[in-house]
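Colleague: I'd like to ask some things about the structure below.
In the numbering used here, the protein residues as written are -14 to 792.
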């Protein structure tokens, strides 16, 4: 028995030895995992948790992310759902449309051809694409390859040319040359997708006359980078079992809506690529390696880095390169670009100095996470210390309470707009109307609370002599915008009597209009038409009144021998930028009351005339000046409650909108059927002057602000406010009450609010009503759209069905 036991024991030794060796090998391998590697893994896990929290907060069905560090993929992961209905999870293989992140591929191909001396960044594009010729003042505009790739041509967005997907690329390019310029050549950044179509078409012509951009993308980049699951083919993408379903979040309904994929074949070089994060990780490796992939150089380092170099300023500390946006994070260069198209939002970001990059692909049209991810990735992977769950330093509720409240904004597009400071998830945050709630980082040594979304915007808080928070300051683009706290009176620093001698109008040759010295918030201020009211600090010993938003700007009031103010001189950075002589002030009489303004507009008489007129049919033409195309417009109106608008641009598509007191919908050849709800319904119900005759029935607040001038006509400025929609500033003719202009913002799902203006001209009497026969809409996205009406026919009969639209 003893022998048997011993034999059994020794027979087990080889097996035990093998197990022991395996354990030792595992321990030995673990001993090579450094503390730094373990910390990086912890950072990746913390980042994943933060991204998932943002996904839920921003109603993103799903997304995938790949992160490359030092040439290796350190994270490739899916979050959420590719299809909500079928509960299909996102994976690293999930396919997404990547939108405008395609533009960097187009710029890189151009760089390859520059290497081959087949193209030059600074050659006129007409050298390669003769029919793409723009003419200004009877002379061709010398738009170069560099200009097209950097959005500095001076031509605004003209997406109407391609958005219905049915017009050929060549026809788009030919029609685009009929557009009017929107800004001076090479002076301003204006995003333009058709310019990228032109650049891509030009590169194809120089690469192989029988080829096209799609083919050269495949042969020059996709195949060499082993991006084998990436495609431009819409049918191929739709047939892929990995395709994520695209969605849009309806904030008014609290639900997601499926969006069909858009056909982008005719605008391919601007945004037609469909890919996954596994393939895009190879694109990141190639970019971070400065043009090499797996030991093979595809583009010279110089040409690749040229695409990463600034070409035009977009905003303070933000530039556009060639297919990339350029900014910085804590002094480190950031090269990035987003992409948004129906149902999908993408973000590609490089931190070249840290040899780090990531791609984020989502299945929602647009989301704050695209830009927010830049700081999230940087803070979790590059910052010296791992962020804590709560970035705000420990403090008690009373300390937070002093900041929480409402603050009134009067700068840029905001007019008497309420910003709210609130507590969200244990962090201080700012709710910007029409945009989103921006979480703030902990205050730095200067007392500035940086936005988590971007280091380029921060807020701080001013206290009064009693130690109370008196104002919120927003620091952006070198300006300090001051937002007084609502409900807290502003204590005058100087008496109104002492300011009286400065008040009045001063003529600017540069602006070709009068700027007015007024009193606002008990302070002397300069009201510059078309800009904003600039409040001033008290003067220093040299009589310099500095601007409260920027101490590098100041004015001096010049006096004659009798101590009378004769002119105003404006200075920036210590240099005088002009002298504005004082002009006779014709505005000494009191402002009219709201009742008097309504009477001047003949509100009740015009409303009665509208009712008496029955159905109204208006016909005319519409011109998209920055797209170079025109069409027809027709409006059918019944009372001030029902309307139907039709726009027809022929081959470029059409739009119909129907409005009733309880509903509104839009149907077009550009986008899926859209039912307007909530604030969007309220907005569109007041979108046409005939539906907005009786201000008092819709706006909760009407305030006569001041007198001013518009195109040499005296006007009253009237502020109209309804809590549900953006405020409206109306310019009213002082003689007849005509609305000559309005300035407001359009609420756009997923995009927030976009400023625009409407100019009304050529008023004529029609059946007891004053109607504008010309309406011009202006905004920085689409440029100028002109509606010219040929006729208004009254007493027309319309079937109720005219004012209804259905899918």
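Beta carbons are placed, not taken as given, at the ideal position from N, Cα and C, and that holds for glycine.
With DSSP as the reference, label residue 46 as helix, strand or coil.
Modeller: For the purposes of this step, residue 46 is taken as residue 61 along the chain shown, with counting starting at 1. Three-state DSSP puts residue 46 in coil, outside helix and strand.
Colleague: Am I right that residue 392 and residue 469 are in contact with their C-beta atoms under 8 Å? What's the rounded C-beta distance?
Modeller: Taking the chain shown and counting its residues from 1, the one referred to as residue 392 is at position 407. Taking the chain shown and counting its residues from 1, the one referred to as residue 469 is at position 484. Rounded, the Cβ-Cβ distance is 7 Å, consistent with contact.
Colleague: Below 7 Å between beta carbons: does that hold for residue 473 and residue 455?
Modeller: For the purposes of this step, residue 473 is identified with residue 488 of the chain shown, where counting begins at 1. For the purposes of this step, residue 455 is identified with residue 470 of the chain shown, where counting begins at 1. Their beta carbons are under 7 Å apart, which means residue 473 touches residue 455 by this criterion.
Colleague: So residue 324 packs on residue 87, CB below 8 Å; how close in whole Å?
Modeller: Within the chain shown, residue 324 is the residue found at index 339, counting from 1. Within the chain shown, residue 87 is the residue found at index 102, counting from 1. Indeed they touch by this definition, with Cβ atoms about 7 Å apart.
Colleague: Does the separation of the CB atoms of residue 671 and residue 709 fall below 7 Å?
Modeller: As a working note, residue 671 is residue 686 in the chain shown. As a working note, residue 709 is residue 724 in the chain shown. The answer is no: Cβ separation not under 7 Å.
Colleague: Could you tell me whether the segment 112 to 123 touches the segment 142 to 153, using the rule of 3 or more Cβ pairs below 8 Å?
Modeller: Segments in contact, no.
Colleague: Between residue 382 and residue 458, what straight-line distance do the alpha-carbon atoms span, to the nearest angstrom?
Modeller: Along the chain shown, one-based indexing puts residue 382 at 397. Along the chain shown, one-based indexing puts residue 458 at 473. Because residue 382 carries a pLDDT of 41, less than 50, the predicted location of this residue cannot be relied on, and no value is offered for it.
Colleague: Tell me which residue opens and which closes the alpha helix (DSSP H) that residue 254 is part of.
Modeller: The sequence position of residue 254 within the chain shown is 269, counting from 1. 253 to 256 is the extent of the alpha helix (DSSP H) around residue 254.
Colleague: Leaving aside the five residues before and after residue 795 along the sequence, list all residues of the same chain whose C-beta is less than 7 Å from its C-beta, in chain order.
Modeller: The structure shown does not extend to residue 795, since the chain is modelled only from -14 to 792, so the question has no answer here.
Colleague: From residue 647 to residue 413, what distance separates their C-alpha atoms?
Modeller: Taking the chain shown and counting its residues from 1, the one referred to as residue 647 is at position 662. Taking the chain shown and counting its residues from 1, the one referred to as residue 413 is at position 428. Rounded to the nearest angstrom, the two C-alpha atoms are 38 Å apart.
Colleague: Any idea what DSSP makes of residue 167, helix, strand or coil?
Modeller: Taking the chain shown and counting its residues from 1, one reaches residue 167 at position 182. Looking at residue 167 - three-state DSSP - the assignment turns out to be coil, as it is neither helix nor strand.
Colleague: Would you check if the distance between the CB atom of residue 102 and the CB atom of residue 64 is smaller than 7 Å?
Modeller: The residue you call residue 102 lines up with position 117 of the chain shown. The residue you call residue 64 lines up with position 79 of the chain shown. Contact: no.
Colleague: Out of 438, 643, 444, which has the shortest C-alpha to C-alpha gap to residue 429?
Modeller: The residue given as residue 429 occupies position 444 in the chain shown. With distances taken between Cα atoms, residue 429 lies closest to 444.
Colleague: Apart from the five residues just before and just after residue 476, which ones in its own chain have a Cβ nearer than 7 Å to its Cβ?
Modeller: Along the chain shown, one-based indexing puts residue 476 at 491. Closer than 7 Å at the Cβ level, and outside the excluded window around residue 476, lie 449.
Colleague: Is it true that the CB of residue 702 sits closer than 7 Å to the CB of residue 592?
Modeller: As a first step, residue 592 is located in the chain shown; it is residue number 607 there, counting from the start. As a first step, residue 702 is located in the chain shown; it is residue number 717 there, counting from the start. Taking 7 Å as the Cβ cut-off, residue 592 and residue 702 do not qualify as a contacting pair.
Colleague: With residue 732 and residue 256 assumed to form a contact (beta carbons below 8 Å), what rounded beta-carbon distance in angstroms separates them?
Modeller: Here residue 732 refers to the residue found at position 747 when the chain shown is read from its first residue. Here residue 256 refers to the residue found at position 271 when the chain shown is read from its first residue. That pair is no contact at about 25 Å.
Colleague: Along the beta strand (DSSP E) that carries residue 234, what are the first and last residues, could you check?
Modeller: Stepping through the chain shown from its first residue, residue 234 is reached at position 249. Note, residue 234: beta strand (DSSP E), 232 to 235.
Colleague: My parser needs the alpha helix (DSSP H) runs of 4 or more residues fully inside the segment 367 to 440; what are they?
Modeller: As far as the segment 367 to 440 is concerned, its whole alpha helix (DSSP H) runs of at least 4 residues are 382 to 386.
Colleague: What does the alpha-carbon distance come out to for the pair residue 687 and residue 446?
Modeller: Sequence index remark: in the chain shown, residue 687 carries index 702 (1-based). Sequence index remark: in the chain shown, residue 446 carries index 461 (1-based). Cα to Cα, residue 687 sits roughly 30 Å from residue 446.
Colleague: Per DSSP, residue 332 is paired with what?
Modeller: Along the chain shown, one-based indexing puts residue 332 at 347. Its beta-bridge partners are 323, 345.
Colleague: Looking only at its chain, what residues have a beta carbon closer than 7 Å to the beta carbon of residue 375, apart from the 5 residues adjacent to it on each side?
Modeller: What you label residue 375 is simply residue 390 of the chain shown in a count that begins at 1. Confidence is the limiting factor: at residue 375 the pLDDT is only 42, short of 50, which leaves the residue's position unreliable, though a coordinate-based value still follows. Here the set comprises 411, 412.
Colleague: Expressed to the nearest angstrom, what Euclidean distance is found between the alpha-carbon atoms of residue 208 and residue 217?
Modeller: The count along the chain shown starts at 1 and reaches residue 208 at position 223. The count along the chain shown starts at 1 and reaches residue 217 at position 232. Going from the Cα of residue 208 to the Cα of residue 217 covers about 13 Å.
Colleague: Looking only at its chain, what residues have a beta carbon closer than 8 Å to the beta carbon of residue 290, apart from the 5 residues adjacent to it on each side?
Modeller: Position 305 of the chain shown, counted from the start, is the residue given in the question as residue 290. Here the set comprises 275.
Colleague: Does DSSP put residue 272 in a helix, in a strand, or in coil?
Modeller: If you number the chain shown from 1, residue 272 lands on position 287. The answer is helix: DSSP assigns residue 272 an H, G or I state.
Colleague: Under the assumption that residue 166 contacts residue 139 (Cβ atoms under 8 Å), give the Cβ distance between them as a whole number of angstroms.
Modeller: For the purposes of this step, residue 166 is identified with residue 181 of the chain shown, where counting begins at 1. For the purposes of this step, residue 139 is identified with residue 154 of the chain shown, where counting begins at 1. Going by Cβ atoms, the distance from residue 166 to residue 139 rounds to 5 Å, so yes, they are a contact pair.
Colleague: How many angstroms separate the CA atom of residue 301 from the CA atom of residue 747?
Modeller: Indexing the chain shown from 1 puts residue 301 at position 316. Indexing the chain shown from 1 puts residue 747 at position 762. The straight-line gap from Cα to Cα measures roughly 40 Å.
Colleague: In or out: residue 55 buried (at least 16 other Cβ within 10 Å) or exposed?
Modeller: By 1-based counting over the chain shown, the position of residue 55 is 70. Burial call: exposed.
Colleague: In whole angstroms, what separates the C-alpha of residue 539 from that of residue 460?
Modeller: Counted from its first residue, the chain shown places residue 539 at position 554. Counted from its first residue, the chain shown places residue 460 at position 475. Approximately 18 Å between the Cα atoms of the pair.
Colleague: Give the list of continuous beta strand (DSSP E) stretches no shorter than 3 residues that lie fully inside the segment 700 to 779.
Modeller: For the segment 700 to 779, whole beta strand (DSSP E) runs of length 3 or above, ordered along the chain, are 710 to 718, 724 to 733, 737 to 751, 754 to 764.
Colleague: Measuring only the C-alpha atoms, how far is residue 254 from residue 99?
Modeller: To locate residue 254, count along the chain shown from 1; it is residue 269. To locate residue 99, count along the chain shown from 1; it is residue 114. Using only the alpha carbons, I get a separation of about 17 Å.
Colleague: Relative to the C-alpha of residue 417, which candidate in 547, 394, 433 has its C-alpha closest?
Modeller: Along the chain shown, one-based indexing puts residue 417 at 432. That would be 394, whose Cα lies nearest to the Cα of residue 417.
Colleague: Measure the alpha-carbon distance for residue 516 versus residue 397 and round it to whole angstroms.
Modeller: Translated into positions along the chain shown, residue 516 becomes position 531. Translated into positions along the chain shown, residue 397 becomes position 412. When rounded, the distance between both Cα atoms is 7 Å.
Colleague: Just reading off the alpha helix (DSSP H) that residue 131 is part of, what are its end residues?
Modeller: For the purposes of this step, residue 131 is taken as residue 146 along the chain shown, with counting starting at 1. Unbroken alpha helix (DSSP H) run through residue 131: 130 to 135.
Colleague: Taking residue 314 as the reference, which of 371, 441, 226 has the closest Cα?
Modeller: Residue 314 sits at position 329 when you count from the first residue of the chain shown. That would be 441, whose Cα lies nearest to the Cα of residue 314.
Colleague: Just checking residue 370 against the ligand ZN - is the residue's beta carbon closer than 6 Å to any of the ligand's heavy atoms?
Modeller: Inclusion of the ligand ZN in the displayed structure is not the case, the ligand content being empty and no account of it being possible.
Colleague: Going by the beta-carbon positions, is the gap between residue 163 and residue 613 smaller than 7 Å?
Modeller: In the chain shown, the residue the question calls residue 163 occupies position 178. In the chain shown, the residue the question calls residue 613 occupies position 628. Closer than 7 Å, so yes.
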